[in-house]
Amino acid sequence: MSTLLVQLRCDLKVFVRNPAAIFFTAILPVIFLCLFVSIFGNERAEDFGNIRLATLQVPAFIALAVVSASFVGLAIGLVSVREAGVLKRTRGTPVAAWIVFAGRIGTSVVMATVVSVVLVAIGAIAFGVTVPTSTLPGLLITIAVGAFAFCALGIAYTRAIGSEDAAPAMTNVVVLPLYFISGVFIPVSQLPDGLRDLADVLPVKPFVDALTVAFDPRTNGAGIAGGDLAVLAAWGVLGLIVAVRTFAWTPRQQAG
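Listed below in structure tokens is the structure:
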């Protein structure tokens with residue numbers, strides 16, 4: 002356990018000392034929330050229990066923050082240390098492989114959780130967002146399942162990234178289109194039927210939908226969206242299988 006804590010502390014220090022990582026993971030979702038509320042207003046939505054519109058935007062940007070920390074950040078970070086030969090050298094040390102991954106994944110989960118709390122706090126204080134209470138279990142479970150799924154997918158996706166320089170572009174070319182068709186930037190009701198159907202079976206929209214359920218005052222019970230979480234978990238299992246079978250410890254450029 003002490004080795005794991007040391008690894009986690011080390012990975013967290015590396016992360017917080019990276020200005021680009023802090024900006025895109027922690028600051029950008031907050032900017033997006035404030036910007037979108039300013040542009041689209043914060044009137045009450047009668048169709049959603051008379052809540053403020055910002056209450057529907059907070060879960061969307063929580064999803065963005067989790068994806069950014071778990072998929073984008075983890076993939077870029079792992080490719081960086083892989084291409085620098087750090088992972089290869091680590092395999093020659095007594096440190097277990099799972100410790101290396103646990104430190105990276107733990108860092109992603111910590112950052113995703115912190116940013117989610119910040120978004121909820123800003124939403125509640127500045128924009129009158131309804132903070133979930135009875136549905137808090139559903140919110141926490143949804144964030145946990147989302148973090149698992151996108152961490153697994155991020156690790157798996159490193160196999161497709163050939164160099165450290167290519168990592169930011171390769172990750173964003175995947176997530177940006179998903180944000181647009183999954184209800185993060187624009188309502189899915191404005192999309193063609195074909196794109197909505199496609200988004201339903203991809204991981205981001207079910208994540209956004211499950212988070213929205215937890216913020217919806219009309220939700221009964223614990224706020225657990227079973228169907229959406231099942232799709233999300235399935236993607237996580239798929240990512241885990243691919244990661245276990247294909248993850249590379251040696252630099253791709255050197256191997257090529």
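In this text, residue positions in the sequence shown follow this note's numbering: the first is 2, and each later residue adds one.
Yeah, the Cβ is synthetic: ideal placement off N, Cα and C, and Gly gets one too.
Keep in mind the model is a prediction, meaning the values are calculated, not measured.
For the options Leu-13, Asp-12 and Phe-151, the alpha carbon positioned closest to that of Ala-66 is the one of Phe-151. Between Glu-84 and Glu-165, the C-beta spacing is below 7 Å. In the displayed model, Ala-249 falls within coil according to three-state DSSP, outside both helix and strand. Between Ser-183 and Val-205, the C-beta spacing is below 7 Å. For Glu-84, the enclosing alpha helix (DSSP H) covers residues 74 to 84.
Its chain contains Thr-136, Pro-138 and Gly-139 as the residues whose beta carbon lies nearer than 7 Å to that of Ala-223, once the 5 sequence neighbours on both sides are disregarded; these appear in chain order. DSSP, read as helix, strand or coil, puts Ile-162 in coil.
Comparing C-alpha distances from Gly-124 to each of Ile-242, Gly-240, Leu-54 and Val-202 shows the shortest one belongs to Leu-54.
When only Cα atoms are considered, Thr-131 and Ile-106 end up about 30 Å apart. Looking at the DSSP output, Ala-223 bridges to nothing. Around Leu-5, the same chain offers Ile-100 and Ala-103 as residues with beta carbons nearer than 6 Å, after the five sequence neighbours per side are excluded.
With 16 or more other Cβ atoms inside 10 Å of its own Cβ, Leu-34 counts as buried. In this structure, the straight-line span from the alpha carbon of Pro-178 to that of Ile-162 is close to 18 Å. In the DSSP assignment, Phe-216 falls within the alpha helix (DSSP H) that extends over 205 to 216. C-alpha of Ala-27 to C-alpha of Val-111: approximately 11 Å in a straight line. Relative to the Cα of Phe-128, the nearest Cα in the group Ser-39, Ala-145, Val-209 and Ser-71 belongs to Ser-39.
It is roughly 6 Å from the alpha-carbon of Gly-237 to the alpha-carbon of Ala-153. For Ala-46, the three-state secondary structure derived from DSSP is strand. When secondary structure is reduced to three states using DSSP, Arg-90 falls in the helix class. Taking the CA atoms as reference points, Tyr-158 sits about 9 Å from Phe-72.
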